[in-house]
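Asks: Shown below is the structure under consideration.
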Amino acid sequence: MSALAAADLGAMLELVPVQRAGAALLLAAVGLPVIGVIIVGLDIMPVRFAMMHVALLGIAVGLLTGLDPMLCALVACALSGAGVAPLARTPDGLSGAMGLLMSLAVAAALLVLAVSGVNASGAFALLWGSILSVGTADLVVLGVLAAVVPSLFWWKRRDVALLLYDRELAQLSGVPVRLLTTALLVLVAVAVAGAIKLTGALLVDALTLLPALAARRLGRSLWSITLWAVGIGIAVNLTGFLLALWLDWPPGPVLVLTAGAVVLAAHLFPERRNSSWRAPASAPPASLPSSH
């Protein structure tokens, strides 16, 4: 029986949609866990929920206008990410705004779908993901994220480390805090939109947040945490996808459960970090965080 299952899995891996899905998950594992590190470091958990709703609005607008729905979702999320950047001085500044943004976005999306009379099934299907329908455009978006996110993180690693550690200290050290925060929020927003087709809006944490949460237990510095997050992302994405194909289960939930198991396993080990790489702005820093 196991030989038959292995043969079936091998046959599925020869299918082009499966190969595209695997390539998309590999690309996602390079860029999206780094986004998770940013989300955890800036303590901006509400942003990803808001961007899921904004993406739904973008998809609804795309269905109404005949434009590519995912492109509209990416643009809507990027604009929203840039728009909320001035509120990111503190996590509390974002929470209320994100609640308002979520409510307005989902209400506008439902209104657009109801008034236009377009088929809403395509929009709501993306809440659950459609990984085997990944196309060339999706691979391009994920490829750009896989190149841009780690490159920006490496290029500005000192500034990012200071910003995640203490916003006020970063500003006093000459870091362009507002510009960098805006760039990071736009990347977070676009990454959430880009990952929706892989796992669905409701399960996007499997590709972003969960690898970062596991990596925090294993890394000593911001840079090592980032490397751990990418490594965990690659392992989780490949393992979860192959397991889903083998069992003939939906990939999204399997990816989440696989990533969740890794997070739980990581928390069995004591934290290896000597000092926190993210501290509240009011806390006086004992020493600067390591960025490598």
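Numbering (our numbering), first residue to last: 1084 to 1375.
Backbone N, C-alpha and C fix where the C-beta goes; we use that ideal spot for every residue, glycine too.
#1: For MET1095 and ASP1331, I'd like the C-alpha separation in whole angstroms.
#2: Spell out a yes or no on whether the stretch 1298-1306 and the stretch 1125-1139 are touching, meaning 3 or more CB-CB pairs, one atom from each, closer than 8 Å.
#3: Hey, is the stretch 1230-1250 in contact with the stretch 1107-1123, meaning 3+ C-beta pairs nearer than 8 Å?
#4: So which of LEU1325, VAL1337 and GLY1343 has the shortest CA-CA distance to GLY1105?
#5: Tell me the start and end of each unbroken beta strand (DSSP E) in the stretch 1106-1182 that is at least 3 residues and wholly inside, in chain order.
#6: Out of PRO1336, ASN1320, GLY1316 and SER1186, state which residue places its alpha-carbon closest to the alpha-carbon of PRO1116.
#7: Compute the distance between the beta-carbons of VAL1232 and LEU1196, then report whether it is under 9 Å.
#8: Just to confirm the assignment, what range does the alpha helix (DSSP H) spanning GLY1218 have?
#9: Is it the case that the stretch 1145-1164 contacts the stretch 1271-1281, given that we only count it when at least three CB pairs across the two stretches are under 8 Å?
#10: By the 10 Å Cβ neighbour count, where 16 or more other Cβ atoms means buried, how is GLY1323 classified, buried or exposed?
#11: Give a yes or no on whether 9 Å exceeds the smallest Cβ distance from VAL1313 to chain B.
#12: Near THR1291, what residues of its chain come up, given a Cβ to Cβ distance below 8 Å and the 5 sequence neighbours on each side ignored?
#13: Classify SER1234 as helix, strand or coil using the three-state DSSP reduction.
#14: Following the continuous alpha helix (DSSP H) through LEU1263, name the residue where it begins and the one where it ends.
#15: Exposed or buried, which one is PHE1352 when buried takes at least 16 other CB atoms within 10 Å?
Replies: Taking the structure as given:
#1: Residue mapping note: residue 1095 aligns to position 12 of the sequence shown, counting from 1. Residue mapping note: residue 1331 aligns to position 248 of the sequence shown, counting from 1. Going by the C-alpha atoms only, they are around 11 Å apart.
#2: no
#3: yes
#4: The residue you call residue 1105 lines up with position 22 of the sequence shown. It is LEU1325 whose Cα lies nearest to the Cα of GLY1105.
#5: none
#6: Along the sequence shown, one-based indexing puts residue 1116 at 33. Among PRO1336, ASN1320, GLY1316 and SER1186, the Cα nearest to that of PRO1116 belongs to GLY1316.
#7: Here residue 1232 is taken as the residue at index 149 of the sequence shown, counted from 1. Here residue 1196 is taken as the residue at index 113 of the sequence shown, counted from 1. For VAL1232 and LEU1196, no; Cβs fall outside 9 Å.
#8: For the purposes of this step, residue 1218 is identified with residue 135 of the sequence shown, where counting begins at 1. Looking at the DSSP string, GLY1218 is not in any alpha helix (DSSP H), and its letter there is neither H nor E.
#9: yes
#10: As a first step, residue 1323 is located in the sequence shown; it is residue number 240 there, counting from the start. GLY1323 should be labelled buried.
#11: The structure shown contains no chain B; it is built from a single protein chain.
#12: Position 208 of the sequence shown holds residue 1291. So the list reads LEU1115, PRO1116, ILE1118, GLY1119, ILE1122, ARG1131, ALA1274, VAL1275 and ALA1278, once near-sequence residues are dropped.
#13: The residue given as residue 1234 occupies position 151 in the sequence shown. In this structure, DSSP gives SER1234 a helical state, which the three-state scheme calls helix.
#14: Position 180 of the sequence shown, counted from the start, is the residue given in the question as residue 1263. Note, LEU1263: alpha helix (DSSP H), 1260-1282.
#15: As a working mapping, residue 1352 is identified with position 269 in the sequence shown. Exposed.
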